[in-house]
Structure formats: C-alpha cells, structure tokens
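Enquirer: Take a look at this one; I'll ask things after.
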Amino acid sequence: MIRALFITGTLAAALHILGLPAQAHLQAFLAALPVLCMGLWVLLMARPPLRLPVGVGYLLMALSEFLDAWPAGDLYISLMVCLLAGYLLIVVGLTRSDPVPRLFRAAPFALWAVIYGVWILPVVGERAGWEFAFIVSSCVLMWRASARWEVRGGGLVLLGALMLGLSDGLLWATHEFRHPVPGARWLLPLTSLAGQVLMALGVVVATDRQEEQVPHVVASHQV
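The sequence shown begins at 2 in this note's numbering and counts up by one.
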C-alpha cells in the first residue's frame, strides 16, 4: 500500500510538473494526487496525536490544489477555505503533540508576517482579507513547527513548513500579484511539493516530546 502511494504520488507529481498531458482537467487531478497520497500516508503511518489532524489537513490541502488548477470558474474562495482549514488542522496536530507555547520562537515569524503583508496586501485588492488570513495561518504553522523542532522528525517538519511559507506564500503571491517570478512554472510546484514531502515525512517519523521525556524520568527514578 505504501509503495503504491509512493509510486502514484511520484508519477503524478512528475507529470504535473512536466505539464503532461496538457488537458487542463487532468492537470487538476495530477496537481492534487501527490498531496492526497501524502495525506493517506500520514493517516496510515503516523502516530497519534499527529495522525488524524495532519492527515485530514493534507487531504484538504489536496482539495485546494485541485481547485487551484481546475480551469472552470473563479474558485479562489473555495480553495482558500480548504487551504486555511488544512493549515489549521496541521497546527492543531502539532500543538496537541507539544502544547508548550514557546512564544519567543514566534518572533521571527511575526517579523516575516509584517514584511510579507507590507509587500503583498497593498496590491491584492478585494482579496486582502483572505491573503491576510493565509499570512497569519502560514506563520502560525511555522511557529508551531519550530516549537518542537528538537524532537525526532521535528527538523523535517520545520523545514517543510518554511518551504511551504516561501512557496505557497511569498513566491506564489509575488508571481500572482506583483510580477512574474522567473522559472515559476517549475519553481512553485517543486518547492511546494518539497515542503509538503518534508513535513509529511517528519510527521510520520515523529516522536512526541512527552514520549521522549519518559526514559529520562525512568532513569532519574532508577538513580
């Protein structure tokens, strides 16, 4: 099952990046399929409390990828609802895994939100509210990922969240609202997929901070 998900997701990602086939409706399915496979992988392999919220979050992110690539009509609000809900569920999973706030780690991401907002919000028009919500959710995701980077898999989750913040956030918004980003046809899907893969991999191999503390507690009692 896991091998089938890996092969399916990899093949779909390669075809999507290469633009094969050129039929727009098929490209929408190919855009969503790798993220769908990652979500199923998390649901099958990750451990509670990360498994359910992060896995379902990935399924919602897959739906947002599908809506973003679907050629018919303006689906911006629908895809943003799915994307924000997916980010929220992943944040819930990360917070349940390690509920300690570690507010000092939020500082660089708050600065990132200010810089990002000053750069993008003045030019997005009526979409400013949705883009503001995305900026906040993206920075909260990076903050919560940074709060548990010391545990097994935490570094991968943080790196993946940072890459998503760069790709789905700043690069995409710059390309969409400011000016074309050179190589965006390749750069955007590659960086987005890399971020999603790293975060899913980190979640699958993750160990809860509370679980890592158990051997130390036992050792202290033995001493």
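From the three backbone atoms N, C-alpha and C, an ideal C-beta is built for every residue, glycine too.
1) In angstroms, rounded to a whole number, what distance separates the CA positions of Leu-163 and Leu-199?
2) For the pair the region 88-101 and the region 45-61, tell me if three or more CB-CB distances fall below 8 Å.
3) In angstroms, rounded to a whole number, what distance separates the CA positions of Leu-194 and Ser-168?
4) Secondary structure at His-26, three-state DSSP: helix, strand or coil?
5) Give me the Cα-Cα distance between Gly-10 and Met-46, rounded to the nearest whole angstrom.
6) In the DSSP assignment, find the alpha helix (DSSP H) that holds Ser-98 and state where it starts and stops.
7) If distances are taken between C-alpha atoms only, which option among Tyr-88, Arg-145, Gly-40 and Leu-61 comes closest to Ala-109?
8) Helix, strand or coil: which one does DSSP assign to Thr-9?
9) Enumerated in chain order, which unbroken segments of the alpha helix (DSSP H) with a length of 4 residues or greater are wholly contained in the region 23-77?
10) Between the region 125-136 and the region 78-86, can you find at least three pairs of beta-carbon atoms closer than 8 Å?
11) Could you pull out every unbroken alpha helix (DSSP H) segment of at least 4 residues lying fully inside the region 175-210, listed in chain order?
12) Return the chain-ordered list of same chain residues with a C-beta closer than 6 Å to the C-beta of Ala-220, the five sequence neighbours on each side being excluded.
13) State the DSSP-derived secondary structure class of Met-2, mapped to helix, strand or coil.
14) Would you mind sorting Arg-103 into buried or exposed? The rule is 16 or more other CB atoms within 10 Å of its CB.
15) Should the region 62-81 be called in touch with the region 110-119, which here means at least 3 C-beta pairs below 8 Å?
16) Grab the span of the alpha helix (DSSP H) containing Gly-155 for me, first residue to last.
17) Thinking Ala-14 and Pro-35 are a contact (beta carbons under 8 Å), I'd like their distance in whole angstroms, please.
18) Taking the C-alpha atoms as reference points, what is the distance between His-176 and Val-205?
19) DSSP on Phe-105, reduced to helix/strand/coil?
20) Check each candidate in Leu-21, Gly-87, Ala-33 and Cys-38 and name the one with the smallest Cα separation from Ile-3.
21) Would you tell me roughly how many angstroms separate the C-alpha atoms of Pro-181 and Val-125, rounded to the nearest one?
Expert: Put simply:
1) Numbered from its first residue, the sequence shown carries residue 163 at position 162. Numbered from its first residue, the sequence shown carries residue 199 at position 198. Between Leu-163 and Leu-199, the C-alpha separation is close to 10 Å.
2) yes
3) Working through the sequence shown from its first residue, we reach residue 194 at position 193. Working through the sequence shown from its first residue, we reach residue 168 at position 167. C-alpha separation (whole angstroms): 9 Å.
4) Locating residue 26 in the sequence shown gives position 25, where the first residue counts as 1. It is helical.
5) The residue you call residue 10 lines up with position 9 of the sequence shown. The residue you call residue 46 lines up with position 45 of the sequence shown. Straight-line Cα distance between these residues: approximately 16 Å.
6) Position 97 of the sequence shown, counted from the start, is the residue given in the question as residue 98. From DSSP, the alpha helix (DSSP H) with Ser-98 extends over 77-98.
7) For this step, residue 109 is matched to residue 108 along the sequence shown. According to the sequence as given, residue 109 is Pro; it is not Ala. Taking only the C-alpha atoms, the option nearest Pro-109 is Arg-145.
8) In the sequence shown, counting from the first residue as 1, residue 9 sits at position 8. In the structure shown, Thr-9 sits in a helix (DSSP, three-state: H, G or I).
9) 25-46 and 52-70
10) yes
11) 185-205
12) On the sequence shown, position 219 is the one that residue 220 refers to. Per-residue confidence for Ala-220 stands at a pLDDT of 37, beneath the threshold of 50, marking its modelled position as unreliable; the derived number appears in the next sentence. Excluding positions up to five away in sequence, the list is empty.
13) Residue mapping note: residue 2 aligns to position 1 of the sequence shown, counting from 1. Coil.
14) As a position in the sequence shown, residue 103 is number 102, starting the count at 1. Exposed, since its Cβ has fewer than 16 Cβ neighbours within 10 Å.
15) no
16) As a first step, residue 155 must be located in the sequence shown, where it is residue number 154. Its alpha helix (DSSP H) spans residues 155-165.
17) Here the question's residue 14 lines up with position 13 in the sequence shown. Here the question's residue 35 lines up with position 34 in the sequence shown. Contact flag correct, Cβ pair sits at about 4 Å.
18) The residue you call residue 176 lines up with position 175 of the sequence shown. The residue you call residue 205 lines up with position 204 of the sequence shown. Straight-line Cα distance between these residues: approximately 32 Å.
19) The count along the sequence shown starts at 1 and reaches residue 105 at position 104. Phe-105 falls in the helix class under three-state DSSP.
20) Taking the sequence shown and counting its residues from 1, the one referred to as residue 3 is at position 2. Out of Leu-21, Gly-87, Ala-33 and Cys-38, Cys-38 has the C-alpha closest to the C-alpha of Ile-3.
21) As a working mapping, residue 181 is identified with position 180 in the sequence shown. As a working mapping, residue 125 is identified with position 124 in the sequence shown. Rounded to the nearest angstrom, the two C-alpha atoms are 15 Å apart.
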